[in-house]
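Input: a single structure, listed below in C-alpha coordinates.
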(Lines of atoms letter the chains of each structure in order from A; the text may use other names.)
(Lines give C-alpha, C1' and ligand atoms only; values in the text may rest on other atoms or scores of the structure.)
Protein backbone atom coordinates (compact mmCIF):
# COMPACT_ATOMS: atom_id res chain seq x y z
CA UNK A 139 0.00 0.00 0.00
CA UNK A 140 1.09 3.61 -0.65
CA UNK A 141 1.69 5.82 2.44
CA UNK A 142 -0.03 9.13 1.64
CA UNK A 143 1.82 10.99 4.39
CA UNK A 144 5.24 10.07 3.00
CA UNK A 145 4.17 11.39 -0.39
CA UNK A 146 3.89 14.92 1.07
CA UNK A 147 7.31 15.14 2.76
CA UNK A 148 10.14 12.93 3.95
CA UNK A 149 11.60 15.71 6.18
CA UNK A 150 9.64 17.83 8.64
CA UNK A 151 12.33 20.60 8.81
CA UNK A 152 11.63 23.56 6.48
CA UNK A 153 14.31 24.62 3.98
CA UNK A 154 14.61 26.77 0.85
CA UNK A 155 13.67 25.17 -2.50
CA UNK A 156 15.98 25.64 -5.49
CA UNK A 157 14.83 25.50 -9.14
CA UNK A 158 16.42 22.07 -9.47
CA UNK A 159 14.79 20.93 -6.22
CA UNK A 160 11.44 22.15 -7.55
CA UNK A 161 11.82 20.22 -10.80
CA UNK A 162 12.89 17.13 -8.92
CA UNK A 163 9.98 17.41 -6.47
CA UNK A 164 7.44 18.03 -9.26
CA UNK A 165 8.81 15.10 -11.24
CA UNK A 166 8.73 12.91 -8.15
CA UNK A 167 5.16 14.03 -7.34
CA UNK A 168 3.81 13.18 -10.80
CA UNK A 169 5.67 9.87 -10.80
CA UNK A 170 4.23 8.93 -7.42
CA UNK A 171 0.78 10.24 -8.48
CA UNK A 172 0.66 7.94 -11.52
CA UNK A 173 1.72 4.99 -9.36
CA UNK A 174 -1.03 5.88 -6.89
CA UNK A 175 -3.72 6.22 -9.55
CA UNK A 176 -2.63 3.01 -11.28
CA UNK A 177 -2.61 1.09 -8.03
CA UNK A 178 -6.02 2.46 -7.10
CA UNK A 179 -7.54 1.43 -10.44
CA UNK A 180 -6.13 -2.09 -10.11
CA UNK A 181 -7.50 -2.36 -6.58
CA UNK A 182 -10.89 -1.07 -7.75
CA UNK A 183 -11.09 -3.61 -10.59
CA UNK A 184 -10.18 -6.44 -8.22
CA UNK A 185 -12.86 -5.25 -5.80
CA UNK A 186 -15.47 -5.03 -8.55
CA UNK A 187 -14.60 -8.52 -9.78
CA UNK A 188 -14.92 -9.96 -6.28
CA UNK A 189 -18.16 -8.09 -5.71
CA UNK A 190 -19.66 -9.56 -8.92
CA UNK A 191 -19.30 -13.04 -7.46
CA UNK A 192 -20.57 -12.08 -3.99
CA UNK A 193 -23.47 -9.79 -4.86
CA UNK A 194 -26.80 -11.61 -5.41
CA UNK A 195 -28.15 -8.73 -7.49
CA UNK A 196 -27.02 -7.54 -10.92
CA UNK A 197 -24.66 -4.59 -10.80
CA UNK A 198 -22.63 -2.45 -13.14
CA UNK A 199 -19.55 -4.57 -12.47
CA UNK A 200 -21.34 -7.85 -13.37
CA UNK A 201 -22.59 -6.35 -16.61
CA UNK A 202 -19.07 -5.30 -17.63
CA UNK A 203 -17.55 -8.67 -16.82
CA UNK A 204 -20.25 -10.78 -18.46
CA UNK A 205 -20.26 -8.58 -21.55
CA UNK A 206 -16.53 -9.10 -22.05
CA UNK A 207 -17.15 -12.86 -22.29
CA UNK A 208 -20.07 -12.59 -24.71
CA UNK A 209 -19.59 -12.44 -28.47
CA UNK A 210 -22.80 -11.31 -30.14
CA UNK A 211 -23.50 -11.34 -33.87
CA UNK A 212 -22.42 -8.14 -35.53
CA UNK A 213 -25.37 -7.58 -37.86
CA UNK A 214 -23.85 -4.36 -39.21
CA UNK A 215 -20.48 -5.78 -40.22
CA UNK A 216 -19.90 -6.51 -43.88
CA UNK A 217 -16.41 -6.06 -45.25
CA UNK A 218 -16.19 -3.47 -48.01
CA UNK A 219 -12.52 -4.17 -48.63
CA UNK A 220 -12.31 -7.97 -48.92
CA UNK A 221 -14.55 -9.60 -51.51
CA UNK A 222 -16.65 -12.67 -50.76
CA UNK A 223 -18.65 -14.99 -53.00
CA UNK A 224 -21.46 -12.42 -52.98
CA UNK A 225 -19.24 -10.16 -55.12
CA UNK A 226 -18.96 -12.78 -57.86
CA UNK A 227 -21.20 -11.69 -60.79
CA UNK A 228 -21.63 -15.36 -61.74
CA UNK A 229 -23.22 -16.26 -58.42
CA UNK A 230 -26.74 -17.54 -59.01
CA UNK A 231 -29.30 -18.50 -56.39
CA UNK A 232 -31.50 -20.44 -58.80
CA UNK A 233 -31.81 -24.21 -58.83
CA UNK A 234 -30.58 -24.51 -62.45
CA UNK A 235 -27.15 -23.00 -61.80
CA UNK A 236 -24.80 -25.25 -59.80
CA UNK A 237 -22.49 -23.80 -57.18
CA UNK A 238 -18.97 -25.18 -56.91
CA UNK A 239 -16.35 -24.83 -54.15
CA UNK A 240 -19.10 -23.88 -51.75
CA UNK A 241 -17.17 -25.02 -48.67
CA UNK A 242 -14.28 -22.70 -49.49
CA UNK A 243 -16.58 -19.78 -50.30
CA UNK A 244 -18.55 -20.25 -47.11
CA UNK A 245 -15.41 -20.56 -44.97
CA UNK A 246 -14.00 -17.35 -46.44
CA UNK A 247 -17.24 -15.51 -45.64
CA UNK A 248 -17.10 -16.77 -42.04
CA UNK A 249 -13.52 -15.52 -41.68
CA UNK A 250 -14.69 -12.09 -42.83
CA UNK A 251 -17.53 -12.20 -40.27
CA UNK A 252 -15.92 -13.76 -37.16
CA UNK A 253 -18.78 -12.98 -34.78
CA UNK A 254 -20.80 -15.75 -36.46
CA UNK A 255 -18.22 -18.48 -35.77
CA UNK A 256 -18.97 -19.32 -32.11
CA UNK A 257 -21.66 -21.99 -31.95
CA UNK A 258 -21.84 -22.44 -35.71
CA UNK A 259 -22.03 -26.25 -35.57
CA UNK A 260 -25.41 -26.04 -33.81
CA UNK A 261 -26.82 -23.17 -35.85
CA UNK A 262 -30.04 -24.04 -37.69
CA UNK A 263 -32.20 -22.13 -40.15
CA UNK A 264 -35.76 -23.46 -40.39
CA UNK A 265 -37.31 -23.16 -43.86
CA UNK A 266 -40.95 -23.69 -44.75
CA UNK A 267 -43.47 -22.29 -47.18
CA UNK A 268 -46.84 -22.36 -48.87
CA UNK A 269 -48.50 -21.04 -52.01
CA UNK A 270 -48.73 -17.35 -52.85
CA UNK A 271 -52.44 -17.36 -53.69
CA UNK A 272 -55.36 -17.75 -51.25
CA UNK A 273 -56.28 -21.29 -50.31
CA UNK A 274 -59.15 -22.98 -52.10
CA UNK A 275 -60.32 -24.44 -48.82
CA UNK A 276 -62.28 -21.68 -46.97
CA UNK A 277 -60.38 -22.22 -43.71
CA UNK A 278 -57.11 -23.24 -45.32
CA UNK A 279 -55.39 -19.88 -44.82
CA UNK A 280 -56.36 -19.90 -41.14
CA UNK A 281 -54.89 -23.39 -40.72
CA UNK A 282 -51.66 -22.40 -42.50
CA UNK A 283 -51.40 -19.42 -40.16
CA UNK A 284 -51.75 -21.75 -37.17
CA UNK A 285 -49.08 -24.07 -38.54
CA UNK A 286 -46.80 -21.10 -39.19
CA UNK A 287 -47.35 -19.76 -35.67
CA UNK A 288 -46.40 -23.17 -34.34
CA UNK A 289 -43.06 -23.06 -36.19
CA UNK A 290 -42.37 -19.50 -35.06
CA UNK A 291 -43.05 -20.52 -31.44
CA UNK A 292 -40.59 -23.39 -31.65
CA UNK A 293 -37.91 -21.26 -33.31
CA UNK A 294 -38.31 -18.45 -30.78
CA UNK A 295 -37.94 -20.83 -27.84
CA UNK A 296 -34.74 -22.34 -29.22
CA UNK A 297 -33.21 -19.28 -30.85
CA UNK A 298 -33.51 -20.45 -34.48
CA UNK A 299 -34.06 -18.20 -37.46
CA UNK A 300 -36.90 -19.04 -39.82
CA UNK A 301 -37.47 -18.30 -43.51
CA UNK A 302 -41.03 -18.76 -44.76
CA UNK A 303 -41.35 -18.65 -48.53
CA UNK A 304 -44.63 -18.38 -50.43
CA UNK A 305 -43.48 -17.90 -54.03
CA UNK A 306 -42.20 -20.38 -56.60
CA UNK A 307 -38.50 -19.61 -56.97
CA UNK A 308 -38.56 -21.89 -60.02
CA UNK A 309 -42.01 -21.47 -61.66
CA UNK A 310 -42.07 -25.00 -63.05
CA UNK A 311 -41.16 -26.66 -59.75
CA UNK A 312 -44.62 -26.82 -58.22
CA UNK A 313 -46.14 -28.61 -55.24
CA UNK A 314 -43.64 -30.82 -53.38
CA UNK A 315 -40.77 -29.82 -55.70
CA UNK A 316 -41.04 -26.16 -54.63
CA UNK A 317 -39.04 -26.81 -51.47
CA UNK A 318 -35.79 -27.51 -53.31
CA UNK A 319 -35.18 -24.06 -54.87
CA UNK A 320 -36.07 -22.51 -51.49
CA UNK A 321 -33.61 -24.72 -49.63
CA UNK A 322 -30.78 -23.97 -52.04
CA UNK A 323 -31.43 -20.22 -51.94
CA UNK A 324 -31.51 -20.38 -48.13
CA UNK A 325 -28.11 -22.07 -48.07
CA UNK A 326 -26.62 -19.27 -50.16
CA UNK A 327 -28.37 -16.51 -48.21
CA UNK A 328 -27.33 -17.95 -44.82
CA UNK A 329 -23.67 -19.04 -44.85
CA UNK A 330 -23.70 -18.59 -41.06
CA UNK A 331 -26.11 -21.55 -40.71
CA UNK A 332 -24.62 -25.04 -40.50
CA UNK A 333 -27.97 -26.74 -41.08
CA UNK A 334 -31.05 -25.95 -43.16
CA UNK A 335 -34.15 -27.62 -41.74
CA UNK A 336 -37.04 -27.99 -44.15
CA UNK A 337 -40.44 -28.50 -42.47
CA UNK A 338 -43.58 -28.85 -44.61
CA UNK A 339 -46.32 -26.28 -44.05
CA UNK A 340 -48.70 -28.99 -42.76
CA UNK A 341 -46.26 -30.32 -40.15
CA UNK A 342 -46.44 -29.15 -36.53
CA UNK A 343 -43.92 -29.26 -33.71
CA UNK A 344 -45.65 -31.18 -30.94
CA UNK A 345 -42.78 -31.34 -28.44
CA UNK A 346 -41.58 -27.79 -27.84
CA UNK A 347 -38.82 -28.94 -25.48
CA UNK A 348 -37.13 -31.44 -27.76
CA UNK A 349 -34.02 -30.46 -29.72
CA UNK A 350 -32.44 -32.33 -32.58
CA UNK A 351 -29.59 -34.60 -31.40
CA UNK A 352 -27.03 -32.99 -33.70
CA UNK A 353 -24.13 -34.95 -32.22
CA UNK A 354 -25.82 -38.06 -33.53
CA UNK A 355 -25.59 -36.66 -37.07
CA UNK A 356 -22.03 -35.29 -36.90
CA UNK A 357 -20.84 -37.70 -39.61
CA UNK A 358 -23.85 -37.13 -41.88
CA UNK A 359 -25.06 -34.35 -44.13
CA UNK A 360 -28.72 -35.25 -44.55
CA UNK A 361 -31.33 -36.54 -42.09
CA UNK A 362 -34.77 -37.80 -43.07
CA UNK A 363 -37.42 -39.99 -41.46
CA UNK A 364 -37.19 -43.47 -42.95
CA UNK A 365 -36.46 -47.17 -42.73
CA UNK A 366 -33.60 -48.87 -44.62
CA UNK A 367 -35.47 -52.17 -44.87
CA UNK A 368 -38.39 -50.60 -46.73
CA UNK A 369 -36.09 -48.92 -49.23
CA UNK A 370 -33.41 -51.53 -49.83
CA UNK A 371 -35.42 -54.73 -49.38
CA UNK A 372 -39.06 -53.85 -50.04
CA UNK A 373 -38.22 -51.19 -52.65
CA UNK A 374 -41.05 -49.02 -51.38
CA UNK A 375 -41.34 -45.35 -52.29
CA UNK A 376 -42.80 -44.81 -48.79
CA UNK A 377 -39.58 -46.01 -47.18
CA UNK A 378 -38.94 -42.38 -46.22
CA UNK A 379 -40.88 -39.13 -45.99
CA UNK A 380 -39.25 -36.09 -47.60
CA UNK A 381 -41.66 -33.59 -46.01
CA UNK A 382 -39.21 -32.89 -43.21
CA UNK A 383 -35.45 -33.08 -43.63
CA UNK A 384 -32.25 -31.64 -42.22
CA UNK A 385 -29.48 -30.81 -44.69
CA UNK A 386 -25.99 -29.55 -43.92
CA UNK A 387 -24.89 -26.32 -45.57
CA UNK A 388 -21.99 -27.73 -47.60
CA UNK A 389 -20.84 -28.65 -51.12
CA UNK A 390 -22.01 -32.26 -50.74
CA UNK A 391 -25.53 -30.94 -50.18
CA UNK A 392 -25.29 -28.59 -53.14
CA UNK A 393 -24.39 -31.61 -55.30
CA UNK A 394 -27.26 -33.66 -53.88
CA UNK A 395 -29.79 -30.92 -54.58
CA UNK A 396 -28.48 -30.53 -58.13
CA UNK A 397 -28.80 -34.27 -58.80
CA UNK A 398 -32.15 -34.59 -57.04
CA UNK A 399 -33.67 -31.59 -58.80
CA UNK A 400 -32.93 -33.04 -62.25
CA UNK A 401 -35.90 -35.35 -61.67
CA UNK A 402 -38.24 -32.36 -61.26
CA UNK A 403 -40.84 -30.87 -63.63
CA UNK A 404 -38.47 -28.17 -64.91
CA UNK A 405 -36.29 -30.91 -66.41
CA UNK A 406 -36.68 -32.13 -69.99
CA UNK A 407 -36.40 -35.66 -68.55
CA UNK A 408 -39.30 -35.24 -66.11
CA UNK A 409 -41.60 -37.72 -67.89
CA UNK A 410 -38.78 -40.21 -68.29
CA UNK A 411 -38.00 -40.02 -64.60
CA UNK A 412 -41.66 -40.64 -63.82
CA UNK A 413 -41.54 -43.91 -65.75
CA UNK A 414 -38.23 -44.90 -64.15
CA UNK A 415 -39.43 -44.28 -60.62
CA UNK A 416 -42.73 -46.09 -61.15
CA UNK A 417 -40.96 -49.15 -62.56
CA UNK A 418 -38.43 -49.12 -59.71
CA UNK A 419 -40.86 -49.00 -56.80
CA UNK A 420 -43.53 -51.67 -56.78
CA UNK A 421 -46.01 -49.69 -54.68
CA UNK A 422 -45.80 -46.40 -56.61
CA UNK A 423 -49.19 -46.20 -58.31
CA UNK A 424 -48.93 -42.80 -60.03
CA UNK A 425 -46.72 -41.93 -63.03
CA UNK A 426 -45.38 -38.50 -62.03
CA UNK A 427 -41.86 -38.06 -60.73
CA UNK A 428 -41.96 -36.85 -57.13
CA UNK A 429 -39.28 -35.74 -54.69
CA UNK A 430 -39.81 -38.58 -52.24
CA UNK A 431 -39.44 -41.32 -54.84
CA UNK A 432 -36.48 -39.45 -56.30
CA UNK A 433 -34.60 -39.42 -53.00
CA UNK A 434 -35.44 -43.09 -52.41
CA UNK A 435 -34.11 -43.88 -55.89
CA UNK A 436 -30.78 -42.16 -55.16
CA UNK A 437 -30.41 -44.20 -51.99
CA UNK A 438 -31.33 -47.43 -53.75
CA UNK A 439 -29.34 -46.98 -56.98
CA UNK A 440 -26.50 -44.70 -55.90
CA UNK A 441 -25.95 -45.79 -52.32
CA UNK A 442 -22.16 -45.66 -52.63
CA UNK A 443 -22.31 -42.01 -53.62
CA UNK A 444 -24.99 -40.71 -51.24
CA UNK A 445 -25.92 -43.39 -48.72
CA UNK A 446 -23.06 -42.97 -46.24
CA UNK A 447 -23.96 -39.34 -45.61
CA UNK A 448 -27.74 -39.79 -45.38
CA UNK A 449 -29.17 -40.75 -42.00
CA UNK A 450 -32.54 -42.52 -42.00
CA UNK A 451 -34.00 -41.59 -38.61
CA UNK A 452 -36.67 -43.79 -37.03
CA UNK A 453 -35.77 -43.81 -33.33
CA UNK A 454 -38.08 -40.87 -32.59
CA UNK A 455 -40.79 -38.95 -34.44
CA UNK A 456 -38.50 -36.83 -36.62
CA UNK A 457 -41.81 -36.52 -38.36
CA UNK A 458 -44.74 -38.76 -37.52
CA UNK A 459 -47.86 -39.69 -39.45
CA UNK A 460 -50.75 -37.93 -37.74
CA UNK A 461 -53.06 -40.96 -37.85
CA UNK A 462 -50.57 -42.86 -35.64
CA UNK A 463 -50.25 -39.96 -33.17
CA UNK A 464 -53.61 -38.28 -32.69
CA UNK A 465 -55.09 -40.98 -30.45
CA UNK A 466 -52.15 -40.74 -28.03
CA UNK A 467 -52.32 -37.03 -27.19
CA UNK A 468 -54.71 -37.23 -24.21
CA UNK A 469 -52.71 -40.02 -22.57
CA UNK A 470 -49.46 -38.15 -23.15
CA UNK A 471 -50.92 -35.03 -21.50
CA UNK A 472 -51.99 -37.07 -18.47
CA UNK A 473 -48.52 -38.66 -18.17
CA UNK A 474 -46.75 -35.29 -18.23
CA UNK A 475 -49.15 -33.82 -15.66
CA UNK A 476 -48.65 -36.86 -13.45
CA UNK A 477 -44.88 -36.35 -13.45
CA UNK A 478 -45.23 -32.62 -12.79
CA UNK A 479 -47.45 -33.21 -9.76
CA UNK A 480 -44.61 -35.17 -8.15
CA UNK A 481 -41.76 -32.84 -9.15
CA UNK A 482 -41.95 -29.18 -8.04
CA UNK A 483 -38.84 -28.30 -10.09
CA UNK A 484 -40.66 -29.21 -13.33
CA UNK A 485 -43.78 -27.16 -12.65
CA UNK A 486 -41.95 -24.05 -11.45
CA UNK A 487 -42.94 -20.88 -13.27
CA UNK A 488 -40.19 -19.48 -15.45
CA UNK A 489 -39.53 -17.03 -18.24
CA UNK A 490 -39.88 -18.39 -21.76
CA UNK A 491 -36.28 -17.43 -22.52
CA UNK A 492 -34.99 -20.12 -20.15
CA UNK A 493 -37.34 -22.87 -21.33
CA UNK A 494 -34.46 -24.97 -22.65
CA UNK A 495 -33.19 -25.49 -19.10
CA UNK A 496 -36.52 -27.01 -18.08
CA UNK A 497 -36.58 -29.10 -21.23
CA UNK A 498 -33.31 -30.67 -20.07
CA UNK A 499 -34.77 -31.36 -16.61
CA UNK A 500 -37.59 -33.33 -18.22
CA UNK A 501 -35.12 -35.59 -19.99
CA UNK A 502 -34.13 -37.72 -17.00
CA UNK A 503 -37.75 -38.42 -16.09
CA UNK A 504 -38.78 -39.26 -19.63
CA UNK A 505 -35.78 -41.44 -20.50
CA UNK A 506 -36.67 -43.85 -17.70
CA UNK A 507 -39.87 -44.86 -19.49
CA UNK A 508 -38.36 -44.35 -22.97
CA UNK A 509 -41.20 -42.18 -24.16
CA UNK A 510 -42.02 -38.53 -24.64
CA UNK A 511 -44.26 -36.35 -26.79
CA UNK A 512 -44.04 -36.96 -30.55
CA UNK A 513 -41.60 -34.38 -31.89
CA UNK A 514 -43.25 -33.45 -35.20
CA UNK A 515 -46.73 -34.44 -36.34
CA UNK A 516 -47.18 -34.37 -40.11
CA UNK A 517 -50.64 -34.17 -41.65
CA UNK A 518 -49.80 -36.06 -44.80
CA UNK A 519 -52.86 -36.45 -46.99
CA UNK A 520 -55.02 -33.83 -45.26
CA UNK A 521 -54.15 -30.95 -47.65
CA UNK A 522 -55.37 -28.10 -45.39
CA UNK A 523 -54.99 -25.47 -48.12
CA UNK A 524 -56.58 -27.21 -51.09
CA UNK A 525 -58.97 -29.37 -49.09
CA UNK A 526 -58.33 -32.26 -51.49
CA UNK A 527 -57.74 -34.73 -48.70
CA UNK A 528 -57.06 -38.42 -49.08
CA UNK A 529 -60.44 -40.17 -49.47
CA UNK A 530 -59.55 -42.80 -46.88
CA UNK A 531 -60.56 -40.30 -44.16
CA UNK A 532 -63.02 -37.41 -43.99
CA UNK A 533 -62.26 -33.71 -43.89
CA UNK A 534 -63.86 -33.50 -40.44
CA UNK A 535 -61.39 -36.11 -39.18
CA UNK A 536 -58.47 -34.12 -40.61
CA UNK A 537 -59.73 -30.81 -39.25
CA UNK A 538 -60.38 -32.06 -35.72
CA UNK A 539 -56.99 -33.77 -35.65
CA UNK A 540 -55.21 -30.58 -36.76
CA UNK A 541 -57.05 -28.48 -34.19
CA UNK A 542 -56.29 -30.93 -31.40
CA UNK A 543 -52.61 -31.25 -32.35
CA UNK A 544 -52.03 -27.51 -32.74
CA UNK A 545 -53.69 -26.79 -29.39
CA UNK A 546 -51.69 -29.58 -27.77
CA UNK A 547 -48.53 -27.81 -28.93
CA UNK A 548 -49.91 -24.37 -28.10
CA UNK A 549 -50.54 -25.40 -24.50
CA UNK A 550 -46.81 -25.96 -24.06
CA UNK A 551 -46.25 -22.36 -25.19
CA UNK A 552 -49.13 -20.77 -23.29
CA UNK A 553 -47.95 -22.31 -20.02
CA UNK A 554 -45.20 -19.69 -19.93
CA UNK A 555 -47.78 -16.96 -20.37
CA UNK A 556 -50.04 -18.23 -17.59
CA UNK A 557 -52.83 -19.82 -19.64
CA UNK A 558 -53.88 -23.14 -21.17
CA UNK A 559 -56.53 -24.58 -23.49
CA UNK A 560 -58.76 -26.75 -21.30
CA UNK A 561 -60.35 -28.36 -24.35
CA UNK A 562 -57.97 -29.29 -27.17
CA UNK A 563 -60.82 -29.02 -29.67
CA UNK A 564 -61.57 -25.44 -28.60
CA UNK A 565 -58.93 -23.13 -30.09
CA UNK A 566 -60.41 -19.83 -28.96
CA UNK A 567 -60.89 -20.39 -25.22
CA UNK A 568 -58.17 -20.47 -22.57
CA UNK A 569 -58.12 -20.57 -18.78
CA UNK A 570 -55.65 -18.92 -16.41
CA UNK A 571 -53.38 -21.27 -14.52
CA UNK A 572 -53.23 -21.31 -10.74
CA UNK A 573 -49.92 -21.06 -8.92
CA UNK A 574 -48.01 -24.35 -8.71
CA UNK A 575 -50.14 -25.89 -11.47
CA UNK A 576 -50.87 -28.81 -11.80
CA UNK A 577 -50.30 -29.86 -8.18
CA UNK A 578 -53.43 -28.10 -6.93
CA UNK A 579 -55.65 -28.00 -9.98
CA UNK A 580 -57.91 -30.22 -12.01
CA UNK A 581 -57.35 -28.22 -15.24
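Numbering (my numbering), first residue to last: 139 to 581.
For each residue, glycine too, the CB sits at the ideal point set by N, CA and C.
Bear in mind that the values here come from a model prediction, so they are computed numbers and not experimental data.
Our two residues, residue 330 and residue 392, have alpha carbons roughly 16 Å apart in a direct line. When DSSP states are grouped into helix, strand and coil, residue 347 belongs to the coil group. Pairing residue 515 with residue 382, the inter-Cα distance amounts to about 10 Å. Contact between residue 403 and residue 312 holds: their C-beta atoms lie close to 7 Å from each other, under 8 Å.
Taking all protein chains shown into account, residue 435 has 16 or more neighbouring C-beta atoms within 10 Å of its C-beta and is therefore buried.
When the five nearest sequence neighbours on each side are left out, the beta carbons in the same chain lying within less than 8 Å of the beta carbon of residue 577 are those of 478, 479, 482, 485, in order along the chain. DSSP, reduced to helix, strand and coil, places residue 355 within a helical segment of the structure shown.
Residue 328 has its alpha-carbon roughly 19 Å from the corresponding atom of residue 234. The residue among 369, 350, 521, 519 with its C-alpha nearest the C-alpha of residue 293 is 350. Secondary structure of residue 305 (DSSP, three-state): coil. Between residue 456 and residue 380, the gap from beta carbon to beta carbon reaches 9 Å or more. Note: residue 557 is bridge-paired with 570 in the DSSP secondary-structure output. Between residue 339 and residue 285 a beta carbon distance of about 6 Å is seen, short of the 8 Å cut, so the two are scored as contacting. In the three-state reduction of the DSSP assignment, residue 406 falls in the coil class, being assigned neither a helical nor a strand state.
Assigned with DSSP and collapsed to three states, residue 471 falls in helix. Assignment of residue 531 by DSSP, reduced to helix, strand and coil, places it in the coil class. In this structure residue 271 does not touch residue 211 by the C-beta definition: roughly 35 Å separates them, more than the 8 Å allowed. Judged by beta-carbon spacing, residue 571 lies beyond the 9 Å limit of residue 342, meaning their Cβ atoms are not closer than that value. Between residue 346 and residue 299, the C-beta spacing is not below 9 Å.
Residue burial annotation: residue 509 is exposed, with fewer than 16 other C-beta atoms found within 10 angstroms of its C-beta. For residue 382, the uninterrupted beta strand (DSSP E) segment begins and ends at 378-386.
DSSP places residue 262 outside any alpha helix (DSSP H); the residue lies instead in the beta strand (DSSP E), whose first and last residues are 262-267.
The Cβ neighbour count for residue 555, taken over all protein chains shown within 10 Å, is under 16; the residue is labelled exposed.
About 32 Å separates the CB atoms of residue 573 and residue 540; that is not less than 8 Å, and the two are not in contact. In terms of CA proximity to residue 492, 551 leads the group 304, 262, 551, 453.
With at least 16 other beta carbons inside 10 angstroms of its own, residue 431 counts as buried.
Taking the Cα positions, residue 549 is about 13 Å away from residue 575. Of the candidates 440, 498, 513, 566, the residue whose Cα lies closest to the Cα of residue 467 is 513.
With fewer than 16 other beta carbons inside 10 angstroms of its own, residue 406 counts as exposed. Only buried fits residue 363, as 16 or more other CB atoms lie within 10 angstroms of its CB. Counting only runs of at least 4 residues, the region 472-496 fully encloses the following alpha helix (DSSP H) elements, listed from N- to C-terminal order: 482-485. Closest in C-alpha terms to residue 297, from the list 263, 282, 344, comes 263. Take residue 244, set aside five residues on each side of it, and the residues of its chain with a beta-carbon closer than 6 Å to its own are 329, in chain order. Between residue 241 and residue 388, the CB-CB gap stays under 9 Å.
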